[in-house]
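Q:
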Amino acid sequence: MNRDKNTQTVYFVIVGVLLAVVFFYFSRRVLTPFIIAFALAYLLDPVTDRLESLKISRTLAVLFLMVGVFLFVTGIGLLIF
Numbered sequence: 001m002n003r004d005k006n007t008q009t010v011y012f013v014i015v016g017v018l019l020a021v022v023f024f025y026f027s028r029r030v031l032t033p034f035i036i037a038f039a040l041a042y043l044l045d046p047v048t049d050r051l052e053s054l055k056i057s058r059t060l061a062v063l064f065l066m067v068g069v070f071l072f073v074t075g076i077g078l079l080i081f
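All residue numbers for the sequence shown refer to our numbering, where the first residue is 1 and numbers rise by one.
(1) Do residue 39 and residue 51 have their CB atoms nearer than 8 Å?
(2) Suppose only complete runs of 3+ residues qualify. What are the beta strand (DSSP E) ranges in the segment 7–57, listed by chain order?
(3) In this structure, how does DSSP classify residue 81 when only helix, strand and coil are distinguished?
(4) Going along the chain, which residues of its own chain have a beta-carbon closer than 7 Å to the beta-carbon of residue 65, five neighbours each way excluded?
Structure below.
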């Protein structure tokens, strides 16, 4: 009885993982911008905190960083094309 329950649990885990993989595969075009935004927010938060410690408001710090990232991406784009 216990062995059947363990086998059933393993099957449920395998099916769940396969469903998750299929979901992420078919929704990758929708999820990509969110993943990039999450990564940028995660990477730039310490810089924002540092600017805040220098007595710059968080709004202004985020604005500086957004302009800086925009200029960086634009510069890279101009170099490539």
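Every residue gets a Cβ at the ideal spot worked out from N, C-alpha and C, and that includes glycine.
Values in this document were obtained by computation on a predicted structure and should not be read as measured data.
A: The short version:
(1) In the sequence shown, the residue the question calls residue 39 occupies position 39. In the sequence shown, the residue the question calls residue 51 occupies position 51. In this structure, residue 51 does not lie closer than 8 Å to residue 39 by Cβ.
(2) none
(3) Sequence index remark: in the sequence shown, residue 81 carries index 81 (1-based). Reduced to three states, the DSSP call for residue 81 is coil.
(4) Locating residue 65 in the sequence shown gives position 65, counting from the first residue. Counting only Cβ-Cβ distances below 7 Å, and skipping sequence neighbours, we find 44, 47, 48.
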